[in-house]
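Data block below; observations after.
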Amino acid sequence: MDVLSQSFRVLGDTTRLRILRLVAQAPLNVTELVSLVGVAQSSVSHHLSKLKGLGLIREERQAGFTYYSLALESDDSRWPLVRLAREAEDAAGDSARLNDLLRAREDRQALNERLLEPGQSWFLWAGALASLLPPLDVADFGCGTGVFSRAMARWARHVWAIDQSEDALSQARTLALRDELKNITFLREDLHRLSLAGGRMDLVVISQSLHHVESPSAVVAEAARLLKPGGRLVVLELMPHEEKWVLERLGHRHLGFSPEVLEAALREAGFTSFTRETHARDGASPFRVFLLTGVKPS
Numbered sequence: 001m002d003v004l005s006q007s008f009r010v011l012g013d014t015t016r017l018r019i020l021r022l023v024a025q026a027p028l029n030v031t032e033l034v035s036l037v038g039v040a041q042s043s044v045s046h047h048l049s050k051l052k053g054l055g056l057i058r059e060e061r062q063a064g065f066t067y068y069s070l071a072l073e074s075d076d077s078r079w080p081l082v083r084l085a086r087e088a089e090d091a092a093g094d095s096a097r098l099n100d101l102l103r104a105r106e107d108r109q110a111l112n113e114r115l116l117e118p119g120q121s122w123f124l125w126a127g128a129l130a131s132l133l134p135p136l137d138v139a140d141f142g143c144g145t146g147v148f149s150r151a152m153a154r155w156a157r158h159v160w161a162i163d164q165s166e167d168a169l170s171q172a173r174t175l176a177l178r179d180e181l182k183n184i185t186f187l188r189e190d191l192h193r194l195s196l197a198g199g200r201m202d203l204v205v206i207s208q209s210l211h212h213v214e215s216p217s218a219v220v221a222e223a224a225r226l227l228k229p230g231g232r233l234v235v236l237e238l239m240p241h242e243e244k245w246v247l248e249r250l251g252h253r254h255l256g257f258s259p260e261v262l263e264a265a266l267r268e269a270g271f272t273s274f275t276r277e278t279h280a281r282d283g284a285s286p287f288r289v290f291l292l293t294g295v296k297p298s
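Set out below in structure tokens:
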């Protein structure tokens with residue numbers, strides 16, 4: 001009875017209920033849960049600790065990550081709580097994001113299993129092509145947990161990974177240390193006003209970060225300031241959408257952008273030689289992305 005009472009109290013928190021509902025559908029790691037529920041990594045870890053302490057979830061190490069899954073059996077007295085959580089209305093849109101995440105995970109796994117030759121996956125082939133690039137100085141605007149920063153550090157001369165979230169940067173530093181990458185400098189700074197000297201970067205990458213900032217045009221202008229003549233800006237962004245829940249849950253400031261609007265911002269900042277590519281919507285996801293590049297004139 002005490003355990004049941006404690007479980008009721010622990011599950012009185014909405015975020016914990018959402019986490020329990022998600023791990024009941026698939027094993028997930030902390031990074032994945034952060035992206036799904038839209039709260040800080042420290043908060044997700046705290047909630048997981050509470051759920052694990054009551055035996056509601058279990059953890060298992062796989063490929064260097066810890067995955068959490070439901071620990072209850074159907075004969076547990078608390079099972080009705082889990083069933084209610086799973087059947088409740090998904091007002092936050094967690095299930096759609098989980099489906100997207102699992103589909104992307106399967107795609108990565110399938111891609112890695114499609115061997116060109118024994119011991120060589122498509123990921124290694126992509127790395128081999130990247131190694132042919134000249135050594136570049138790169139700035140990653142809004143790096144988050146450093147997925148792109150770490151990938152670019154494998155072929156860049158140096159990467160400056162910039163974000164305002166100390167939680168995200170802390171995780172990014174840990175992952176870079178794990179991968180033994182020593183050519184990344186992590187900066188906690190405002191993308192509108194960076195301390196870096198101008199005219200030193202060969203490449204600036206802004207991957208799905210502009211919808212988080214107050215003034216996208218000011219951030220694009222900062223990218224132009226940092227780039228050398230002939231340097232390139234690469235922007236990956238969301239197309240306009242109506243998913244207003246991202247404003248509160250994920251801290252978005254903009255509901256996507258028209259590619260024409262961002263291209264105009266790049267042109268105003270002095271960029272030329274534009275390329276643009278729009279991707280089709282992925283399955284049931286309400287989001288579409290587009291890729292935009294520009295060059296700072298020599």
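The UniProt record's numbering applies: residue 1 is where the sequence shown begins, and numbers increase by one.
We treat Cβ as the ideally placed atom computed from N, Cα and C, and that holds for glycine.
Every value quoted in this text rests on a predicted model; they were computed, and no experiment measured them.
From residue i to residue j, what distance separates their C-alpha atoms?
{"i": "Leu262", "j": "Asp163", "result": "21 Å"}
{"i": "Pro216", "j": "Val34", "result": "24 Å"}
{"i": "Glu248", "j": "Val138", "result": "31 Å"}
{"i": "Gly251", "j": "Leu72", "result": "33 Å"}
{"i": "Leu227", "j": "Ser298", "result": "11 Å"}
{"i": "Gly119", "j": "Gln62", "result": "Reliability of the predicted coordinates at Gly119 is poor, the pLDDT of 48 falling under 50, and the value obtained from them is presented with this limitation in mind. Taking the straight line from one Cα to the other gives about 20 Å."}
{"i": "Glu59", "j": "Arg105", "result": "19 Å"}
{"i": "Ile19", "j": "Asn99", "result": "15 Å"}
{"i": "Phe65", "j": "His279", "result": "30 Å"}
{"i": "Arg21", "j": "Arg232", "result": "43 Å"}
{"i": "Leu132", "j": "Lys52", "result": "47 Å"}
On a Cα-Cα basis, can you pick out the residue from the options that is closest to residue i?
{"i": "Phe290", "options": "Glu248, Pro240, Leu266", "result": "Pro240"}
{"i": "Leu56", "options": "Phe186, Ser165, Leu17", "result": "Leu17"}
{"i": "Ser49", "options": "Val30, Phe65, Leu36", "result": "Val30"}
{"i": "Arg97", "options": "Ala168, Leu28, Leu132", "result": "Leu28"}
{"i": "His46", "options": "Leu70, Asp13, Ala24", "result": "Asp13"}
{"i": "Arg267", "options": "Phe257, Pro286, Ala224", "result": "Ala224"}
{"i": "Arg188", "options": "Asp167, Val23, Leu22", "result": "Asp167"}
{"i": "Glu32", "options": "Ser95, Gly53, Lys52, Met201", "result": "Ser95"}
{"i": "Val37", "options": "Trp155, Met152, Thr15", "result": "Thr15"}
Kindly say whether residue i, judged by its beta-carbon, lies nearer than 8 Å to any beta-carbon of chain B.
{"i": "Pro134", "result": "In the structure shown, chain B does not exist; there is a single protein chain."}
So residue i packs on residue j, CB below 8 Å; how close in whole Å?
{"i": "Gly230", "j": "Lys296", "result": "7 Å"}
{"i": "Asn183", "j": "His212", "result": "So it is not a contact: roughly 26 Å between Cβ atoms."}
{"i": "Glu242", "j": "Leu255", "result": "7 Å"}
{"i": "Val234", "j": "Thr293", "result": "5 Å"}
{"i": "Asp179", "j": "Trp160", "result": "Incorrect: roughly 17 Å between the Cβ atoms, too far for contact."}
Taking all protein chains shown into account, do 16 or more other C-beta atoms lie within 10 angstroms of the C-beta of residue i, making it buried, or fewer, making it exposed?
{"i": "Ala142", "result": "The sequence shown places Gly at residue 142, not Ala. Classification for Gly142: buried."}
{"i": "Trp245", "result": "exposed"}
{"i": "Pro134", "result": "exposed"}
{"i": "Phe186", "result": "buried"}
{"i": "Leu116", "result": "Caution applies to Leu116, whose pLDDT of 45 falls short of 50 and renders its modelled position unreliable; the value that the coordinates give is listed next. Per the 10 Å Cβ criterion, exposed."}
{"i": "Ser209", "result": "buried"}
{"i": "Leu177", "result": "exposed"}
Touch test, the region 139–155 against the region 166–181, Cβ-Cβ under 8 Å, three pairs minimum:
Touching, yes.
Tell me, please, whether the region 219–228 touches the region 190–208 by the rule of three or more beta-carbon pairs shorter than 8 Å.
yes
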